[in-house]
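Top line first, the protein sequences correspond to chains U and B.
When the letters of the first sequence are read in order and numbered with this note's numbering, they come out as residues 1 to 107.
When the letters of the second sequence are read in order and numbered with this note's numbering, they come out as residues 108 to 770.
Quick reminder that beta carbons are idealized off the backbone N, C-alpha and C, glycines included.
Comments concern the structure below.
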Amino acid sequence: PPELEQTLAMLSSHRSVLGYLVLSRGHPASIIRQSGVVFEGEQGRRYASAVARIVESAQSALIEASGEENEGDDIRFMRVRTKRHELMISPDRRYLLAVLHDPATGS
Amino acid sequence: MSERRRDEIALKRQKLAELRKARAERLERKQQQSPPPAQDSYKNRDINALLEGILGSDAGGSSGIRTPDLGTPTSSAPGTPLRVPRSISGIALRRGSDAGSSTLANTASDAIVDRAATPRFAPELIDVEQELFELPQRERVMYNKEIQTATFDSSDEESPPHDTGGVGTSTEDVRREREREAALEAAREAELEAESVQLDREIAQEIRDLTEEERTSIFAAPEFLDFVEQSSKIVQRALNDNYDYIRDYSVGTETGGDDSEGKRVKRVCAFWDERYCKNRSITDLDWSPKYPELSVASYNKNPAALNEPDGIVAVWNMHLLERPEFVFHSQSDVLSVTFSPFHSNLVFGGTYSGQILLWDTRSKHLPVLKTPLSAAGHTHPVYAMQMVGTQNAHNLITSSTDGLVCSWLVDMLAQPQETLELVHAGHNKTGEVAITALDFPDNETSTFWIGTEEGNLYQANRHDRAGAKAGLNAHDVYRAHAGPVTGLHFHPADGPVDFSDLFLSCSVDWTVKLWRARGLTNTKPSTGGAPTAVPPLYSFDEADDYVYDVKWHPTHPAVFGAVDGSGKFDLWNLNIDTEVPAVRTAVSEGHALNKMRWDHKDGRRVAMGGSEGRLHVYDIGDMAIPRETEWNDLQKTVASFAGASSQEPEPLTSSLRGSVNGR
Chain U
1 PPELEQTLAM LSSHRSVLGY LVLSRGHPAS IIRQSGVVFE GEQGRRYASA VARIVESAQS
61 ALIEASGEEN EGDDIRFMRV RTKRHELMIS PDRRYLLAVL HDPATGS
Chain B
108 MSERRRDEIA LKRQKLAELR KARAERLERK QQQSPPPAQD SYKNRDINAL LEGILGSDAG
168 GSSGIRTPDL GTPTSSAPGT PLRVPRSISG IALRRGSDAG SSTLANTASD AIVDRAATPR
228 FAPELIDVEQ ELFELPQRER VMYNKEIQTA TFDSSDEESP PHDTGGVGTS TEDVRRERER
288 EAALEAAREA ELEAESVQLD REIAQEIRDL TEEERTSIFA APEFLDFVEQ SSKIVQRALN
348 DNYDYIRDYS VGTETGGDDS EGKRVKRVCA FWDERYCKNR SITDLDWSPK YPELSVASYN
408 KNPAALNEPD GIVAVWNMHL LERPEFVFHS QSDVLSVTFS PFHSNLVFGG TYSGQILLWD
468 TRSKHLPVLK TPLSAAGHTH PVYAMQMVGT QNAHNLITSS TDGLVCSWLV DMLAQPQETL
528 ELVHAGHNKT GEVAITALDF PDNETSTFWI GTEEGNLYQA NRHDRAGAKA GLNAHDVYRA
588 HAGPVTGLHF HPADGPVDFS DLFLSCSVDW TVKLWRARGL TNTKPSTGGA PTAVPPLYSF
648 DEADDYVYDV KWHPTHPAVF GAVDGSGKFD LWNLNIDTEV PAVRTAVSEG HALNKMRWDH
708 KDGRRVAMGG SEGRLHVYDI GDMAIPRETE WNDLQKTVAS FAGASSQEPE PLTSSLRGSV
768 NGR
């Protein structure tokens with residue numbers, strides 16, 4: 001659908017964005033959409049499984065740490081800032097959008 | 108024994124590698140479109156050879172030890188070899204992983220079959236034999252009467268199995284040996300088990316590639332589109348935030364030089380979207396009272412795209428520059444727009460057809476409420492509207508170019524609460540008053556001033572009051588401009604000195620005029636008798652093009668801004684200079700600026716809408732901050748204006764009519 005394409009194209013055309021991944025959660029996670037050099041092929045798959053695992057473990061850690069009564073607290077947004085890049089993950093109940101960008105190029 | 112476990116693990120590893128290889132191959136094949144079946148069959152043959160090898164080492168007769176965890180139903184005497192299978196099965200049944208692995212074996216084999224699409228014999232054999240394996244195995248478990256149940260851990264294996272019948276020492280020794288062996292076995296088992304479980308998990312986690320149909324079905328789901336919209340907005344807002352929060356300030360390679368920006372007007376950003384703003388002009392704009400980063404702009408028709416809606420209203424977010432937060436559609440050009448000051452989600456718009464529309468940011472593109480296109484409402488373009496009142500009792504006042512002023516209740520747009528037709532009796536040509544600008548003084552809800560297409564300004568009352576009738580007050584004639592009045596703004600009344608009877612008006616005759624409103628504070632409106640002409644306090648003539656809008660600054664009493672048709676923004680400060688603007692900035696070259704608004708919070712930012720569809724936001728910095736003396740200074744300035752034009756408004760009858768005739 002064209003709006004989808006347009007939205008995703010706008011995302012990847014931002015100057016500091018290196019690529020994005022749209023995954024579906026659930027076992028096993030599967031790649032719905034990807035773009036950018038970083039996420040091509042094998043490396044993309046590794047990133048995808050890594051991201052899915054990160055979100056799963058963070059979510060379960062959250063549930064574990066906050067005890068049983070705080071069930072409704074889901075992860076809304078995650079930003080993993082490394083020295084070189086920043087990975088932004090926005091999970092939903094069923095899907096997951098991960099964007100890798102380089103903050104240094106965004107002046 | 109454990110060899111079998113190791114083999115099993117090796118097989119699993121191989122399976123994993125093959126899954127990956129097979130997927131890569133599938134990708135290759137997709138590109139090349141020339142499946143090499145020979146290769147796959149070769150691989151299969153490899154598998155079969157391996158199987159044969161394992162089978163050969165076994166004493167059992169059945170082939171296909173895909174699931175050697177169940178052991179071989181050999182006819183060997185019950186002893187340690189059989190104990191191992193039992194223990195394995197014990198572990199297996201306990202963990203259930205072997206069931207998993209057996210199904211995995213199935214799926215793997217199926218998968219391999221799918222990919223290869225040639226050899227069919229081997230997998231089928233395997234399936235059948237699995238079943239064969241399980242049943243006899245269960246019977247063998249009967250060997251040790253003690254441990255009937257399957258679901259327990261290795262500690263039970265270590266416990267010496269008692270035979271109910273008493274046996275001699277030889278058997279005891281044998282038993283102890285068996286125990287030791289069992290313990291060792293169990294330890295090794297546990298290790299291998301763990302490894303195989305790990306491999307299973309890895310297999311399970313192998314990222315699947317979706318087939319095309321799955322993909323299209325996902326794309327078609329509306330929640331997927333919603334998800335992409337939402338999360339891409341969030342990510343874009345986060346991307347726009349340029350602050351590098353791991354910056355280390357102690358590493359000092361920063362170039363200093365913070366230039367003295369006190370007196371400069373700086374550009375912050377410009378909102379423009381290719382899809383919604385192309386070929387359209389901004390007709391009105393407003394800032395959100397609740398969220399200082401949101402602003403709304405209304406656009407008129409795009410003559411090049413006839414399928415797109417005629418009127419667009421877009422809500423922009425300062426943190427999201429590439430696209431509007433919300434977009435609302437309308438059937439006809441939207442000429443005026445305002446956020447509701449009492450509900451943070453509602454946006455009102457007045458259109459070219461006279462309809463008033465209400466949009467909600469929680470709903471989608473279309474208006475939530477509309478006024479009827481009938482004689483009850485407006486039938487002419489609505490250029491000006493304003494919300495008046497308090498939280499509990501507020502009305503939307505709208506005015507159209509046929510002189511009709513309606514007051515609406517927000518919930519009920521089906522018919523206006525009250526209508527008022529402003530008629531200028533005594534006008535020689537037509538009684539109709541074409542309203543192009545309307546403003547209420549601060550704290551007033553029933554008397555207001557309007558600007559017309561002829562260039563006149565009038566006061567009007569909504570209701571009958573003591574000493575004034577509802578309708579146009581034709582007795583005070585503010586003979587304002589030589590062309591249509593484009594902007595009218597009363598001074599915001601906050602501060603030690605109240606200037607709320609001062610207002611500014613601007614028009615296409617290149618001037619901005621400052622007036623003192625009669626009938627508000629000291630001066631009473633003249634009633635009855637001849638109409639009196641009210642002169643302006645001051646006229647600012649610096650512009651060299653049509654002046655499209657003028658607005659007082661919300662916090663600084665002596666500052667106001669004006670935008671004109673050549674794309675310039677003039678910032679005036681009356682306490683500094685009354686002849687020339689303090690700062691003149693060229694905002695957009697070659698395109699007129701249609702409207703401007705100061706932001707509500709502290710007035711540091713000003714939004715200006717251009718005729719090319721761009722919404723420019725500028726920051727004026729320190730010039731927005733008033734000192735305490737500003738009010739007194741302004742009082743003195745205004746007094747000097749009043750003194751300069753100290754003619755009493757004389758009753759002019761013939762001259763007024765003469766000038767009216769001349770129009």
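Asked	Found
Any C-beta of chain A under 9 Å from that of H14 of chain U	The structure shown contains no chain A; its protein chains are U and B.
Contact with chain B by E40 of chain U, beta-carbon distance below 9 Å	no
C-beta contact flag for S402 of chain B and R704 of chain B at 9 Å	yes
Within-9 Å CB hit, D355 of chain B to chain U	no
Coarse secondary structure for E429 of chain B, derived from DSSP in three states	coil
Buried or exposed (CB count within 10 angstroms, at least 16 for buried), H660 of chain B	buried
Candidates B:A577, B:G558 and B:S673, of which the one nearest K620 of chain B by Cα	B:G558
Cutoff 9 Å: R25 of chain U Cβ touching any chain B Cβ	no
Limits of the unbroken alpha helix (DSSP H) element including T7 of chain U	P2 to S12
Bridge partner(s) assigned by DSSP for W556 of chain B	B:D546 and B:Q566
Partners in chain B for L11 of chain U, counting only beta-carbon separations shorter than 8 Å	S339, V342 and Q343
Residue span of the alpha helix (DSSP H) that contains A541 of chain B, given as start and end	Counting along the chain, A541 of chain B falls outside any alpha helix (DSSP H), and DSSP gives it neither H nor E.
Span separating the alpha-carbon of Y655 of chain B from that of D391 of chain B	11 Å
DSSP state of T478 of chain B mapped onto helix, strand, coil	coil
From B:D601, B:G456, B:S553 and B:V592, residue whose alpha carbon lies closest to that of G626 of chain B	B:S553
For H588 of chain B, the nearest candidate out of B:G697, B:A301, B:A131 and B:E560 (CA to CA)	B:E560
Three-state secondary structure assigned by DSSP to D726 of chain B	strand
Own chain partners of V441 of chain B with C-beta closer than 6 Å, once the 5 adjacent residues on each side are dropped	S405, G418, V420, G456 and T458
Which of helix, strand or coil DSSP assigns to Q34 of chain U	strand
Neighbourhood of T736 of chain B by C-beta distance below 6 Å, restricted to the same chain and skipping five residues each side	none
Buried versus exposed call for G674 of chain B [16 or more other C-beta atoms within 10 Å across all chains shown]	buried
Span of the alpha helix (DSSP H) around R740 of chain B	It is Asp, not Arg, that sits at residue 740 of chain B in the sequence shown. Here the alpha helix (DSSP H) through D740 of chain B covers E737 to A751.
Chain-order list of residues whose beta-carbon lies under 7 Å from that of P448 of chain B (same chain, five-residue window excluded)	P396 and M494
Chain B contact residues for P103 of chain U, given Cβ-Cβ distances below 7 Å	D351
Contacts around Q59 of chain U, its chain only, beta-carbon distance under 6 Å, and the 5 residues preceding and following it disregarded	I75
Environment of N739 of chain B [buried if 16+ CB atoms lie within 10 Å]	exposed
Listed by chain order, chain U residues near R430 of chain B by CB distance under 8 Å	M10
Three-way DSSP call (helix, strand, coil) for P329 of chain B in this model	helix
DSSP-derived helix/strand/coil call for G590 of chain B	coil
Where Y398 of chain B falls: helix, strand or coil (DSSP)	coil
Residues that DSSP places opposite C513 of chain B in a beta bridge	B:T505 and B:T526
Spatial neighbours of P783 of chain B in its chain, beta-carbon cut-off 7 Å, leaving aside the 5 residues before and after	Beyond the ends of chain B as shown, which are 108 and 770, falls residue 783 of chain B; an answer cannot be given.
Inter-residue Cα distance where the pair is R112 of chain B and E298 of chain B	10 Å
Span separating the alpha-carbon of F748 of chain B from that of D706 of chain B	29 Å
Classification of I683 of chain B by the beta-carbon crowding that lies within 10 angstroms, buried from 16 upward	exposed
9 Å Cβ cut-off: residues of chain B touching P1 of chain U	F326, A327 and L332
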